[in-house]
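Everything on this sheet refers to the single structure shown next.
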Amino acid sequence: MAPFLTARQIVKRFASVVANDRVDFDVGRGEIHALLGENGAGKSTLMQIVYGQYAMDSGEILIEGQPARIRHTRDAIDRGIGMIHQEFMLVRRFSVVENVVMGLDAGKGPMVDLKAAAVRLKELSQRHGLQVDPWQLVEHLPVGVQQRVEILKLLYRDARLLILDEPTAVLTPQETEALFCVLRELAADGRSIVIVTHKLKEIMAISDRVTIMRDGRVVASVKTSESSEDELARLMVGRDVSLRASKAARPAGRDVLRIEGLHVADHRGHSAVAGVDLTVREGEILGLAGVDGNGQSELAEAIMNLRPVRQGRVLLGDIDLTCASPAEHHRHGLAYVPADRRHVGSLTDLSIGRNAILGRQGAFTNGMGLMDEQKIAGFASGLIERFDVRPRNPAYIAGKLSGGNLQKVILGREVMRDPAAIIVEQPTRGLDVGAIEAVWREIIAQRDAGKAILLISAELEEILNLADRIAVIYEGRIMGIVEAKDASLASIGMMMAGAGQADADLEKAS
Amino acid sequence: MRKLIERRTTPAASFTAVALATGLSVVLALVIGGLLFLPFGANPFQAYGALFEAGFATWRGFGFTLVKAAPLILIGLGTICAWRTGFAYLGFEGCLLVGAASATWFSLQVAEGGAIGPLPFAVFLPLAVLVAMLTGAVWAGIVGLFKSRFGGNEVITSLMMNYIAIFLVQYLVSGPLRAKGELPASPRLPQETWLPVILEGTRAHAGILIAMVAAVAVWLLLLRSRVGYELVVTGLNPKAARYGGINVGSRQIIAALLAGGLASLAGMVEVLGVHHRLVDGLSEGTGFIGIVTALLGKLHPLGAVIAALLYAGMSVGADAMQRQAGLPASVIFIVQSLIVLFVLASDLLRYYAIRWPSTPCRPGRVIMTEAGRK
Amino acid sequence: MESDLVLSTFLVAWLAAAVRLAGPLLLSALGEIFAERSGILNVGIEGTMLIGAVASYLVALQTGSPVMGLLAAMLAGLAASLFLAWMYVSVQANQVVVGIIFNILALGLASYFYRLFMGGVSGPQKIVMFEPIAIPFLSEIPLLGPILFRHTVFLYAVMLLVPVAGFVLYRTKLGLRLRAVGENPRAASTAGISVSAMRYVGVLISGAAAGAAGSYLILAQVGLFRETIIAGQGFIALAIVIFGRWNPYKAALAALVFGAADALQLSLQLFQVGLPPQLLLALPYLLTVIAMSGLLGKANQPDALMMPYRRE
Chain A
2 MAPFLTARQI VKRFASVVAN DRVDFDVGRG EIHALLGENG AGKSTLMQIV
52 YGQYAMDSGE ILIEGQPARI RHTRDAIDRG IGMIHQEFML VRRFSVVENV
102 VMGLDAGKGP MVDLKAAAVR LKELSQRHGL QVDPWQLVEH LPVGVQQRVE
152 ILKLLYRDAR LLILDEPTAV LTPQETEALF CVLRELAADG RSIVIVTHKL
202 KEIMAISDRV TIMRDGRVVA SVKTSESSED ELARLMVGRD VSLRASKAAR
252 PAGRDVLRIE GLHVADHRGH SAVAGVDLTV REGEILGLAG VDGNGQSELA
302 EAIMNLRPVR QGRVLLGDID LTCASPAEHH RHGLAYVPAD RRHVGSLTDL
352 SIGRNAILGR QGAFTNGMGL MDEQKIAGFA SGLIERFDVR PRNPAYIAGK
402 LSGGNLQKVI LGREVMRDPA AIIVEQPTRG LDVGAIEAVW REIIAQRDAG
452 KAILLISAEL EEILNLADRI AVIYEGRIMG IVEAKDASLA SIGMMMAGAG
502 QADADLEKAS
Chain L
4 MRKLIERRTT PAASFTAVAL ATGLSVVLAL VIGGLLFLPF GANPFQAYGA
54 LFEAGFATWR GFGFTLVKAA PLILIGLGTI CAWRTGFAYL GFEGCLLVGA
104 ASATWFSLQV AEGGAIGPLP FAVFLPLAVL VAMLTGAVWA GIVGLFKSRF
154 GGNEVITSLM MNYIAIFLVQ YLVSGPLRAK GELPASPRLP QETWLPVILE
204 GTRAHAGILI AMVAAVAVWL LLLRSRVGYE LVVTGLNPKA ARYGGINVGS
254 RQIIAALLAG GLASLAGMVE VLGVHHRLVD GLSEGTGFIG IVTALLGKLH
304 PLGAVIAALL YAGMSVGADA MQRQAGLPAS VIFIVQSLIV LFVLASDLLR
354 YYAIRWPSTP CRPGRVIMTE AGRK
Chain W
167 MESDLVLSTF LVAWLAAAVR LAGPLLLSAL GEIFAERSGI LNVGIEGTML
217 IGAVASYLVA LQTGSPVMGL LAAMLAGLAA SLFLAWMYVS VQANQVVVGI
267 IFNILALGLA SYFYRLFMGG VSGPQKIVMF EPIAIPFLSE IPLLGPILFR
317 HTVFLYAVML LVPVAGFVLY RTKLGLRLRA VGENPRAAST AGISVSAMRY
367 VGVLISGAAA GAAGSYLILA QVGLFRETII AGQGFIALAI VIFGRWNPYK
417 AALAALVFGA ADALQLSLQL FQVGLPPQLL LALPYLLTVI AMSGLLGKAN
467 QPDALMMPYR RE
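Put into structure tokens, the structure is as follows:
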């Protein structure tokens, strides 16, 4: 019997990046299939192609052995494919039943019969153990229940294939367990399920089969029962190390940046950082490893007071900066290179010169309150020279710079204010090899100059190459801190996937 | 077979592309306007010729153009300050009115028998500017405060404030400021407070000079000063502004104060230079047309000045054309607004690239095949 | 006794006028609700009303039929809003900018076409208007009868449109989709709803309604066209939508409040009361400013209002 879904040789490019490179993927009936990979491995892209949200460049999709043209979400829905996105696709001001029937063409005539829909919904929710009141407004429901609504939405459309993108990211362990019960029961019912995730423990707990993607390609597809967490971790992150950064051993100095018991909420008001303690010392790079979305961005923003701190303190030397304005952070010697170069770190419509002075515009103003253009041009030229920015023109519009050159401008600007500590977030994301090396060199140079550096990165390779000590963050908590020389790819990978340090050590011992 | 027209992922942003798209918009709008002259039995070329001649080429007409341009420039400058900071303010009509009202009030105070008494013009004018700007700044500042402190919607609140200003002026001219025994209007302002005529034999008054000074000031402030840098950064990207240590809320309020102050100067210029009294229906949309000219001028002070002069000249020409040839002046409203709408729509055009089928076969050019690249 | 009579006569006259004046405001507000519920702030209804007014005047004058005038106004409104929808949805230009400029364009167009057809005619020409029809029995109810049931067919139709709008918005698939698109276009799109199509529908409904509302002023109130006939009533409709919290029934109440304030200042001017009439006129605007200021918390506007959406 043909598998429910077969994807053959799928290729998808975004501008110059190949997100899916000749991907083969299939899901059988009644199978729970995990799709594993790091950020940017191409798993979400693949699933969005299957769901009709992206058009593939080449390849074909078969449903129950028959070629299927899926060009719109509607085609996918009609073919019995349903997807639950990481960010729930619910209208918060609609009731549960309105959310479930919206977009459906069921029933004759132009009217919606919400009452009849509610009755059917009630039946479905009872049959599958998904308790929910059809008439409640979605915005009043806890996240776990909202997910139930998403599942019911698919069941109401009688989806034969359910794709769940990072379904447990927002759930508590208890809710996760409940979700898994439902999924097992749905699979027993003959439905196919794909879980997109990077959490190894959950894969072991729920899936029948795992497909591992890396850099847009399928690396392996294995039966879960014949694999192990260890093997999966290696498959997921264990690429050939293509880059090496050389750095001399250097004893760390006094504590510079201290973060004590920090609690931060994300934009929805849920806890994103839950009691983080970190200390970064003079002349040291502390690498904060972790899969994206585990509270790193919120942590960095909270340190700079770009996001309110719920609880805890941020100290730079003896100065408490918890409630200080971002400008005061700069003044006291804390610099920040944000992850989002184009939307936070720079002003893409302005010149390199205007970008080079962002945050220190006061220093480039004369007594009349006017900008000192000569001084700005001189400073920008200096920055361009020192960091080898191309083109070498301070009037060039920053938005037209390549990612690497733009990052050099941002990093250069932050470094040139001679701060005591620098937070560097995802500094090489999307850069080419040459630019990565340049950025790494500069980060190491700053460490050697005695700066305290907090390097936040989802790239394990980067962390292992640069950091003197490595902390791993998972769901807003620090899972462990190890000396870089004692760290192994596997142990860090395990912690990144939510296994505690104790577990990781045990693994190593055995 | 290659498609003749391909869709780009980002719009073409080169100077040529933008200039071409803008030029096309202007031509298209003028063509549509020209067609509208036909039912009236006029030759479009002659109509346009007469129009530009009346607005720009006669001494008297040029004077009128300057009179009409002054408030448009000031409103446009206010628009630039607000919109460049990301403050989508639409309340310029209201600012103009309250500025006109306060200037009227102040002018009446320096009349014979007023609370202050006669002042030399050189003392009066700076004070009047100050009074008008303060009123407008407070008027727009309220909306700015609502937005930056309470997250209010400035689009709606500023629109509504326009009507409150209209009724305020109506109240003033029918109550406290009403001249005895006349239609609802304030008493005539003392002649010593009128803006002097600057071009012999025309109506052109010193208002245009005030507008020009303001344009230079806004240019310096916005594009050459630290505050301006922070305003522009706030408008371009509030996230980056906060990251750069800029207090976004306070910059929005500064923008509101500036915008209100400049727009209220337009009101002062109108009462001291044209009407010489406060009347109901003083503005008739100047507060909105000023926004349009600022947009046509790409939110740059120099651009806004040029666009305002063109707009004013075309309006003056159109009025003359209507008086003399009986052609509808409204065509010019249509042409002017169509230009802006087409410029906006031409952004869509820039998403498309034309690929001439001949290009791949141009001799002497080596084309790599897909296989050849690997 | 006598003062009671005077008072009740005044009340009835006042409220009847309030209902009459509320008609066009309510009509364009009802349409605007559909545009805004789909995520488009259509500031262009002010200009669309003017286009509707001139179209209805010219056609009613030619045909002698107010019904034809109304139809022409709706068609003109639809045509105008098709252009607006294209600018808002397909071009994705800034909605406020487009709306504001369109209003100036509409002023030019209305004035142009009026001159084109009426240029040679001297003196204003009055048209055949909708006449008030007292509804049997209902109009005899004390107080309520004269206030509600002695109006034109046009106004009765507007009254009927309130529950119709409510029904479409809350009880039909179209309404559900429209609201979904205005709240969360991404979610709507993943559920298979075409965001663009719904937004076009929303803007077109608002255009037809605004055109008809413009014709109301001609066909049921004034009988003559002049360029200042709309005088900001489109903007008032925007305020009514906000005051009515994007709900047709509440919008009807809000329109009544605006109409009542307008009618009251007219009466007060007759009665020479000490209160400045402008204060009453300004009151609804003042209330709108406060409602939208954020002082009383966020008004519950559709989440995606004024947010362009581009399918990935």
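The listed protein sequences correspond, in order, to chains A, L and W. Just so you know, we're using this note's numbering here: the first sequence kicks off at 2 and counts up by one. Just so you know, we're using this note's numbering here: the second sequence kicks off at 4 and counts up by one. Just so you know, we're using this note's numbering here: the third sequence kicks off at 167 and counts up by one. Built from N, CA and C at the ideal position, the CB exists for glycine as well. Nothing here was measured: the structure is a model prediction, and the numbers come from that model.
To the nearest angstrom, report how far apart GLU443/A and ASN250/L are at their CA atoms.
By 1-based counting over the first sequence, the position of residue 443/A is 442. By 1-based counting over the second sequence, the position of residue 250/L is 247. Spanning the two alpha carbons is a distance of roughly 30 Å.
Continuous beta strand (DSSP E) assignments of at least 3 residues falling wholly in the stretch 92-163 of chain L
none
Quick check: is the beta carbon of PRO468/W nearer than 7 Å to any beta carbon in chain L?
To locate residue 468/W, count along the third sequence from 1; it is residue 302. No, because no Cβ of chain L sits closer than 7 Å to the Cβ of PRO468/W.
How about the stretch 319-338 of chain L and the stretch 229-244 of chain L: do they share at least three Cβ pairs that are nearer than 8 Å?
no
Under 6 Å Cβ to Cβ from GLU151/A, same chain only, skipping five residues before and after it: list those, please.
The residue labelled residue 151/A in the question sits at position 150 within the first sequence. The answer, listed in chain order, is ILE85 and PHE89.
Boundaries (first-last residue) of the alpha helix (DSSP H) holding GLN49/A:
Along the first sequence, one-based indexing puts residue 49/A at 48. Element bounds for GLN49/A: 44-51.
When the Cα atoms are used, what is the spatial distance from LEU191/W to ILE50/A?
To locate residue 191/W, count along the third sequence from 1; it is residue 25. To locate residue 50/A, count along the first sequence from 1; it is residue 49. Rounded to whole angstroms, LEU191/W to ILE50/A spans 47 Å at the Cα level.
By a C-beta neighbour count over all protein chains shown, 10 Å radius and 16 as the cutoff for buried, is GLU299/A buried or exposed?
Taking the first sequence and counting its residues from 1, one reaches residue 299/A at position 298. Answer is buried; the Cβ neighbour count reaches 16.
Between GLY109/L and the rest of its own chain, which residues show a CB-CB distance below 6 Å, the 5 nearest in sequence each way excluded?
As a position in the second sequence, residue 109/L is number 106, starting the count at 1. Reading off the sequence shown, one finds Phe at residue 109/L, where the question assumed Gly. Cβ neighbours of PHE109/L beyond the five flanking positions: ALA131 and VAL134.
Taking DSSP's pairing of strands, which residues face PHE15/A in a bridge?
On the first sequence, position 14 is the one that residue 15/A refers to. Note: PHE15/A sits in a beta bridge opposite VAL18/A.
Whose Cβ in chain A lies nearer than 8 Å to the Cβ of SER355/W?
Residue mapping note: residue 355/W aligns to position 189 of the third sequence, counting from 1. Simply THR74.
Start-to-end residues for the beta strand (DSSP E) that takes in GLU315/A:
For this step, residue 315/A is matched to residue 314 along the first sequence. Before going on, a small fix: residue 315/A reads as Val here, not Glu. 310-317 is the span of the beta strand (DSSP E), which, as asked, contains VAL315/A.
Euclidean distance between Cα positions of ALA379/W and PHE48/L:
By one-based count along the third sequence, residue 379/W stands at place 213. By one-based count along the second sequence, residue 48/L stands at place 45. Straight-line Cα distance between these residues: approximately 38 Å.
Euclidean distance between Cα positions of GLN362/A and ALA214/L
Along the first sequence, read from residue 1 onward, the residue named residue 362/A stands at position 361. Along the second sequence, read from residue 1 onward, the residue named residue 214/L stands at position 211. Each residue's alpha carbon lies about 29 Å from the other.
Out of MET480/A, SER45/A and ILE62/A, which one is the CA nearest neighbour of ASP1/A?
Any question about residue 1/A goes unanswered here, given that chain A covers just 2 to 511.
Under 6 Å: does the beta carbon of LEU250/W sit that close to some heavy atom of the ligand NAP?
The ligand content of the structure shown is nil, which means the ligand NAP is not present either.
Could you tell me the boundaries of the beta strand (DSSP E) in which PRO298/W lies?
The sequence position of residue 298/W within the third sequence is 132, counting from 1. Segment 298-300, the beta strand (DSSP E) holding PRO298/W.
Under a three-way DSSP split, which group does SER340/L fall into?
Here residue 340/L is taken as the residue at index 337 of the second sequence, counted from 1. DSSP places SER340/L in helix when its eight states are reduced to three.
Quickly, what does DSSP pair VAL211/A with across the bridge? List them, please.
As a first step, residue 211/A is located in the first sequence; it is residue number 210 there, counting from the start. ALA35/A and VAL223/A.
So PRO205/W and MET473/W are in contact, right, with Cβ under 8 Å, and what is the actual spacing, rounded?
Position 39 of the third sequence, counted from the first residue, corresponds to residue 205/W. Position 307 of the third sequence, counted from the first residue, corresponds to residue 473/W. Here the sequence assigns Gly to residue 205/W, which means Pro is not the residue at that position. Indeed they touch by this definition, with Cβ atoms about 6 Å apart.
With ALA72/L and ALA315/L assumed to form a contact (beta carbons below 8 Å), what rounded beta-carbon distance in angstroms separates them?
By 1-based counting over the second sequence, the position of residue 72/L is 69. By 1-based counting over the second sequence, the position of residue 315/L is 312. Indeed they touch by this definition, with Cβ atoms about 4 Å apart.
Exposed unless 16 or more other CB atoms sit within 10 angstroms - verdict on PHE333/W:
The residue labelled residue 333/W in the question sits at position 167 within the third sequence. Exposed: under 16 other Cβ atoms inside 10 Å.
Whose C-alpha, out of PRO252/A, THR280/A and GLY270/A, is nearest the C-alpha of LEU260/A?
For the purposes of this step, residue 260/A is taken as the residue at position 259 of the first sequence. This sequence places Ile at residue 260/A; Leu is not what is there. It is THR280/A whose Cα lies nearest to the Cα of ILE260/A.
Going along chain L in order, which residues have a C-beta closer than 8 Å to the C-beta of THR429/A?
Numbered from 1 along the first sequence, position 428 holds the residue referred to as residue 429/A. Simply none; closest approach about 19 Å.
Any residues in the stretch 301-328 of chain A with a beta carbon nearer than 8 Å to a beta carbon of chain L? Which ones, in chain order?
MET305, LEU307, SER326, PRO327 and ALA328
Residues in the stretch 228-247 of chain L with C-beta within 7 Å of chain A's C-beta atoms, listed in sequence order?
SER228, ARG229, VAL230, TYR232, GLU233, VAL236, LEU239, ASN240, LYS242, ALA243, ARG245, TYR246 and GLY247
GLY81/A touches chain W at which residues, Cβ-Cβ below 9 Å?
Sequence index remark: in the first sequence, residue 81/A carries index 80 (1-based). What GLY81/A touches in chain W: nothing, since even the nearest Cβ is about 13 Å away.
Going by beta-carbon coordinates alone, are LEU344/W and MET364/W separated by less than 7 Å?
As a working mapping, residue 344/W is identified with position 178 in the third sequence. As a working mapping, residue 364/W is identified with position 198 in the third sequence. In contact: LEU344/W and MET364/W (Cβ atoms closer than 7 Å).
Do the CB positions of ILE464/A and ALA301/A come within less than 7 Å of each other?
Taking the first sequence and counting its residues from 1, one reaches residue 464/A at position 463. Taking the first sequence and counting its residues from 1, one reaches residue 301/A at position 300. No; because the gap between Cβ atoms is not below 7 Å, this pair is not in contact.
Grouping DSSP H, G and I as helix and E and B as strand, with all else coil, what is GLU285/A?
Locating residue 285/A in the first sequence gives position 284, counting from the first residue. Strand at GLU285/A.
What are the start and end residues of the alpha helix (DSSP H) that includes ILE471/A?
Position 470 of the first sequence, counted from the first residue, corresponds to residue 471/A. Not the alpha helix (DSSP H): ILE471/A falls in the beta strand (DSSP E), residues 470-475.
So within the stretch 134-206 of chain A, which uninterrupted alpha helix (DSSP H) runs reach at least 4 residues, ignoring any that extend past its ends?
144-157 and 174-189
Element boundaries [beta strand (DSSP E), containing THR205/L]
By one-based count along the second sequence, residue 205/L stands at place 202. Careful: THR205/L lies outside any beta strand (DSSP E) and carries neither H nor E.
Under a three-way DSSP split, which group does ILE359/W fall into?
Here residue 359/W corresponds to residue number 193 of the third sequence, with the count starting at 1. ILE359/W: coil per DSSP, three-state reduction.
Using a Cβ-Cβ distance cut-off of 7 Å, determine whether GLY60/A contacts chain L.
Taking the first sequence and counting its residues from 1, one reaches residue 60/A at position 59. Not one chain L Cβ lies under 7 Å of GLY60/A.
Cα separation between LEU432/W and TRP180/W?
The residue you call residue 432/W lines up with position 266 of the third sequence. The residue you call residue 180/W lines up with position 14 of the third sequence. If you take the alpha carbons of LEU432/W and TRP180/W, they lie about 9 Å apart.
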